[in-house]
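Scroll down for the structure; my scribbles are underneath it.
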Amino acid sequence: MILTFLAIIAVLELARALPLVPAFQELAACGQHAMRLLARKGVSDWGKERALRILSGRMFARSMRAGGLLVATASPLLVVLAVDAWWPEIVSIRTEWTAKLALMPFTLGYAVLRWQVIPRVQRG
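Under this note's numbering, the first residue of the sequence shown carries the number 4, and numbering increases by one thereafter.
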(Lines of atoms letter the chains of each structure in order from A and count residues from 1; the text may use other names and numbers.)
(Lines give C-alpha, C1' and ligand atoms only; values in the text may rest on other atoms or scores of the structure.)
Protein backbone atom coordinates (compact mmCIF):
# COMPACT_ATOMS: atom_id res chain seq x y z
CA MET A 1 0.00 0.00 0.00
CA ILE A 2 2.91 2.36 0.70
CA LEU A 3 4.27 1.72 -2.79
CA THR A 4 0.91 2.62 -4.33
CA PHE A 5 0.66 5.77 -2.23
CA LEU A 6 4.14 6.85 -3.34
CA ALA A 7 3.24 6.13 -6.97
CA ILE A 8 0.12 8.29 -6.71
CA ILE A 9 2.16 11.07 -5.10
CA ALA A 10 4.62 10.81 -8.01
CA VAL A 11 1.73 11.03 -10.48
CA LEU A 12 0.39 14.13 -8.75
CA GLU A 13 3.81 15.78 -8.76
CA LEU A 14 4.37 14.92 -12.42
CA ALA A 15 0.95 16.30 -13.30
CA ARG A 16 1.94 19.51 -11.56
CA ALA A 17 5.41 19.72 -13.12
CA LEU A 18 4.72 18.67 -16.72
CA PRO A 19 2.80 20.94 -19.13
CA LEU A 20 -0.05 18.44 -19.39
CA VAL A 21 -3.02 20.82 -19.39
CA PRO A 22 -1.43 23.32 -21.83
CA ALA A 23 -0.67 20.45 -24.23
CA PHE A 24 -4.34 19.45 -24.30
CA GLN A 25 -5.38 23.11 -24.61
CA GLU A 26 -3.15 23.44 -27.68
CA LEU A 27 -4.72 20.33 -29.15
CA ALA A 28 -8.22 21.67 -28.52
CA ALA A 29 -7.30 25.05 -30.05
CA CYS A 30 -6.05 23.31 -33.17
CA GLY A 31 -9.32 21.36 -33.43
CA GLN A 32 -11.34 24.56 -33.02
CA HIS A 33 -9.25 26.19 -35.74
CA ALA A 34 -10.08 23.30 -38.07
CA MET A 35 -13.79 23.64 -37.30
CA ARG A 36 -13.70 27.38 -38.02
CA LEU A 37 -11.93 26.66 -41.28
CA LEU A 38 -14.61 24.20 -42.32
CA ALA A 39 -17.37 26.67 -41.51
CA ARG A 40 -15.82 29.42 -43.65
CA LYS A 41 -17.77 30.51 -46.67
CA GLY A 42 -16.21 31.78 -49.84
CA VAL A 43 -13.02 29.74 -49.62
CA SER A 44 -12.33 27.22 -52.35
CA ASP A 45 -12.50 23.54 -51.56
CA TRP A 46 -8.91 23.14 -52.72
CA GLY A 47 -7.76 25.78 -50.24
CA LYS A 48 -9.74 24.19 -47.42
CA GLU A 49 -8.34 20.75 -48.21
CA ARG A 50 -4.79 22.05 -48.22
CA ALA A 51 -5.26 23.95 -44.97
CA LEU A 52 -6.94 20.95 -43.34
CA ARG A 53 -4.07 18.71 -44.44
CA ILE A 54 -1.64 21.07 -42.71
CA LEU A 55 -3.87 21.30 -39.63
CA SER A 56 -4.22 17.52 -39.45
CA GLY A 57 -0.44 17.22 -39.30
CA ARG A 58 -0.33 19.76 -36.50
CA MET A 59 -3.14 18.01 -34.65
CA PHE A 60 -1.31 14.70 -34.97
CA ALA A 61 1.90 16.17 -33.57
CA ARG A 62 0.06 17.86 -30.72
CA SER A 63 -1.94 14.75 -29.89
CA MET A 64 1.23 12.67 -29.82
CA ARG A 65 2.83 15.21 -27.48
CA ALA A 66 -0.22 15.33 -25.20
CA GLY A 67 -0.49 11.54 -25.18
CA GLY A 68 3.20 11.17 -24.41
CA LEU A 69 2.91 13.60 -21.53
CA LEU A 70 -0.12 11.71 -20.26
CA VAL A 71 1.74 8.39 -20.37
CA ALA A 72 4.75 10.00 -18.69
CA THR A 73 2.50 11.36 -15.96
CA ALA A 74 0.80 8.02 -15.36
CA SER A 75 4.00 5.95 -15.61
CA PRO A 76 4.65 5.57 -11.84
CA LEU A 77 1.19 4.13 -11.32
CA LEU A 78 1.56 1.93 -14.40
CA VAL A 79 4.80 0.55 -12.98
CA VAL A 80 3.07 -0.27 -9.69
CA LEU A 81 0.25 -2.01 -11.55
CA ALA A 82 2.79 -3.99 -13.59
CA VAL A 83 4.60 -5.04 -10.40
CA ASP A 84 1.24 -6.01 -8.93
CA ALA A 85 0.48 -8.14 -11.98
CA TRP A 86 3.80 -10.00 -11.76
CA TRP A 87 4.19 -10.16 -7.98
CA PRO A 88 0.79 -9.69 -6.31
CA GLU A 89 2.20 -10.42 -2.87
CA ILE A 90 4.28 -7.22 -3.00
CA VAL A 91 1.58 -4.66 -3.80
CA SER A 92 -1.79 -6.49 -3.77
CA ILE A 93 -3.73 -3.34 -4.65
CA ARG A 94 -5.92 -5.00 -7.29
CA THR A 95 -7.61 -7.38 -4.89
CA GLU A 96 -7.78 -5.49 -1.60
CA TRP A 97 -10.65 -3.03 -1.80
CA THR A 98 -10.04 -1.97 1.79
CA ALA A 99 -6.53 -0.84 0.81
CA LYS A 100 -7.99 1.20 -2.05
CA LEU A 101 -10.53 2.71 0.30
CA ALA A 102 -7.92 3.55 2.92
CA LEU A 103 -5.61 5.04 0.30
CA MET A 104 -8.18 7.50 -1.04
CA PRO A 105 -8.27 10.00 1.87
CA PHE A 106 -4.48 10.09 2.05
CA THR A 107 -4.04 10.86 -1.64
CA LEU A 108 -6.87 13.38 -1.72
CA GLY A 109 -5.50 15.03 1.39
CA TYR A 110 -2.06 15.28 -0.17
CA ALA A 111 -3.49 16.76 -3.37
CA VAL A 112 -5.49 19.39 -1.49
CA LEU A 113 -2.53 20.21 0.72
CA ARG A 114 -0.11 20.47 -2.20
CA TRP A 115 -2.32 22.39 -4.65
CA GLN A 116 -4.51 24.50 -2.38
CA VAL A 117 -3.11 25.02 1.11
CA ILE A 118 0.64 25.35 0.51
CA PRO A 119 0.36 27.95 -2.32
CA ARG A 120 -2.02 30.07 -0.23
CA VAL A 121 0.26 29.93 2.79
CA GLN A 122 3.30 30.82 0.68
CA ARG A 123 1.51 33.85 -0.80
CA GLY A 124 0.90 35.11 2.67
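By construction, the Cβ of each residue, glycine as well, lies at the ideal position given by its N, Cα and C atoms. Computed from a predicted model, the values in this text were never measured in an experiment.
CB-CB length for T110 against I11, believed under 8 angstroms: 5 angstroms
Helix, strand or coil at V14 according to DSSP, with G and I counted as helix: helix
Beta carbon of L58 nearer than 7 angstroms to that of A37: yes
C-alpha gap between A69 and S47, whole angstroms: Roughly 32 angstroms between the two C-alpha positions.
Cβ pair E29, R65 closer than 7 angstroms: yes
Whole-angstrom distance between L104 and L40, CA atom to CA atom: 48 angstroms
Backbone CA spacing between P122 and A85 [nearest angstrom]: Distance between the alpha carbons of P122 and A85: 34 angstroms.
Per-residue burial, A26 [other beta carbons within 10 Å of its own, 16 or more giving buried]: buried
G112 to L106 span [Cα, whole Å]: 10 angstroms
Cβ shell of Q125 (< 6 angstroms), same chain only, five flanking positions each side left out: Closer than 6 angstroms at the Cβ level, and outside the excluded window around Q125, lies no residue.
Expected contact under 8 angstroms - CB spacing of C33 and M67 to nearest Å: Not a contact, Cβ separation roughly 12 angstroms.
Cβ separation of A102 and L15, assumed to be a contact under 8 angstroms, to the nearest whole Å: The Cβ separation is near 18 angstroms, so there is no contact.
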